[in-house]
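Residue 162 in the numbering used here sits at position 116 of the sequence shown, with consecutive numbering throughout. In what follows, a single structure is set out as structure tokens and then discussed.
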Amino acid sequence: MREEILSDMKRDFSEDPEYWDWLAKLEMTDSSSKQEMSEDIKLSQMQKAVQVYEEALKIVPSTMMFNRYAKFLMDFIDPQVGESKDLEPSSHIEHYITHLLTVYEKAESIGCLTEDIACKYISLYLQLGRLNEARKLAEKLCSGKLSDSVQLWLLRASIEVRDVTRNSPSPSKADMLSLFELLRKILTKASISEAESLWLMALKLFANQKQYFEKVVDISLISVAKDGGGENGFSLPSAVINFVLQKDGIQHAREMYKRFLALPRPGLALYRNCIELELNLAFVGDKDCLANARKLFEAALATYDQNTSLWQDYYSMETKLGTSETANGVYWRARKTLRDSAAFTALTKPL
47 MREEILSDMK
57 RDFSEDPEYW
67 DWLAKLEMTD
77 SSSKQEMSED
87 IKLSQMQKAV
97 QVYEEALKIV
107 PSTMMFNRYA
117 KFLMDFIDPQ
127 VGESKDLEPS
137 SHIEHYITHL
147 LTVYEKAESI
157 GCLTEDIACK
167 YISLYLQLGR
177 LNEARKLAEK
187 LCSGKLSDSV
197 QLWLLRASIE
207 VRDVTRNSPS
217 PSKADMLSLF
227 ELLRKILTKA
237 SISEAESLWL
247 MALKLFANQK
257 QYFEKVVDIS
267 LISVAKDGGG
277 ENGFSLPSAV
287 INFVLQKDGI
297 QHAREMYKRF
307 LALPRPGLAL
317 YRNCIELELN
327 LAFVGDKDCL
337 ANARKLFEAA
347 LATYDQNTSL
357 WQDYYSMETK
367 LGTSETANGV
377 YWRARKTLRD
387 SAAFTALTKP
397 L
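Put into structure tokens, the structure is as follows:
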């Protein structure tokens, strides 16, 4: 009866990758339900499951099928694998690691290598500690049909940086130039939100390389002018300004934020970061910083005058660092400007 049902299902669903995935995992059902099952039996069932997937690839050689197959093998190789954990092949899984690499190679050869599968392919080499092979593969894939894949380029860049910094704590001029050119290519290709980790990597990598750091800053200005500064989540201008602050001090950071604020449509997140920078020093008695913070609030309100929290922050600053006169001035301006001032007045009172 069981064989008859399976035969009927194969006839009806043989073109469906999910059917093959289910059928292969059916071979492993017993091994997951019986903890004391011998290793030999588990490996025997694994072999049968692999045979199912191999048959599936002959009938449904699709990206989904390769993805399911690769995931199944990876789960078997190391169910606990994580991003920071290296695989340590033992005798009973070395064969399936090699087999998984073969599956990825086959996916590439028949044109079923998607961005996701390609990244997993490269990452497997990284988890195995085979950095050089991961590097060569990433370079090859970035030059092929997946050359427009931002995620693949990001992965390649991280590998190149790791490779150069691993070989020497002080990379050569040629290495730094090579890394900059690669990062420049990707940073101008990807959106800011996509390349967050790469921007932070570039800023850190070139922090003490004035020539390249300034070029990275120039690229960031162009990117922000094109994409915006990032209102939700990662703010590239804020990241650059904070790096400059830590590296060169408040005056250079102030010059930097003025460059970003001079771009079209500076975002509220940028204004807030600049205000916070000035307030941190204003709270320790720097009167110039208080004046700068006021200018920033005024500039921000010129565009975001209906933002209640911005008015509240302005009023809060004046109550702590200003006078009753300046605080009340902000309060009544907010009452007059906000079309709906209920939220503002609910949390603030004039002095």
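Backbone N, C-alpha and C fix where the C-beta goes; we use that ideal spot for every residue, glycine too.
Let me know if residue i comes out buried or exposed under the rule of 16 or more other beta-carbons within 10 Å of its beta-carbon.
i, result
"asparagine 338", "buried"
"arginine 340", "buried"
"glutamine 297", "exposed"
"isoleucine 321", "buried"
"asparagine 178", "exposed"
"phenylalanine 329", "exposed"
"leucine 223", "exposed"
"serine 266", "buried"
"glycine 368", "buried"
"tyrosine 394", "In the sequence on display, residue 394 carries threonine and not tyrosine. Buried, because 16 or more other Cβ atoms sit within 10 Å of the Cβ of threonine 394."
"alanine 164", "buried"
"asparagine 254", "exposed"
"isoleucine 156", "exposed"
"proline 63", "buried"
"glutamate 301", "exposed"
"serine 243", "exposed"
"alanine 308", "exposed"
"aspartate 386", "exposed"
"arginine 114", "buried"
"arginine 212", "exposed"
"lysine 131", "Caution applies to lysine 131, whose pLDDT of 49 falls short of 50 and renders its modelled position unreliable; the value that the coordinates give is listed next. Answer is exposed; the Cβ neighbour count stays below 16."
"proline 310", "exposed"
Restricting to Cα atoms, I'd like to know which of the options is closest to residue i.
i, options, result
"aspartate 221", "Ser243, Tyr258, Ser387, Ala271", "Tyr258"
"glycine 313", "Gly274, Gln292, Gly295, Asp351", "Gly274"
"asparagine 326", "Thr354, Met363, Ser355, Leu316", "Met363"
"alanine 116", "Lys104, Glu100, Ile105", "Glu100"
"methionine 92", "Val106, Thr109, Phe122, Arg114", "Phe122"
"leucine 249", "Lys94, Val207, Ser189", "Val207"
"tyrosine 171", "Thr148, Arg381, Val270", "Thr148"
"alanine 102", "Ser90, Lys71, Ala315, Tyr361", "Lys71"
"asparagine 353", "Arg379, Glu371, Lys333, Asp334", "Arg379"
"glycine 331", "Asp67, Lys366, Tyr167", "Lys366"
"lysine 231", "Lys152, Tyr377, Ser195", "Ser195"
"alanine 373", "Gln358, Arg318, Thr349", "Gln358"
"threonine 109", "Cys158, Asp86, Glu151, Tyr65", "Cys158"
"glutamate 227", "Ala203, Glu151, Ala345", "Ala203"
"glycine 190", "Arg176, Gly295, Thr160", "Thr160"
Can you list the alpha helix (DSSP H) stretches of 4 or more residues lying completely in the stretch 211-247, in chain order? 219-233
Contact the stretch 234-243 vs the stretch 211-220: 3+ CB pairs below 8 Å: no
In chain order, which continuous runs of the alpha helix (DSSP H) of length 4 or greater are located wholly inside the stretch 312-388? 314-328, 333-349, 354-367, 370-383
Quick check on the DSSP output: what are the complete beta strand (DSSP E) runs of length 3 or more inside the stretch 135-161, in order along the chain? none
Tell me, please, whether the stretch 137-148 touches the stretch 180-190 by the rule of three or more beta-carbon pairs shorter than 8 Å. no
Runs of alpha helix (DSSP H) lying entirely within the stretch 275-312, each at least 4 residues, in chain order: 282-294, 296-307
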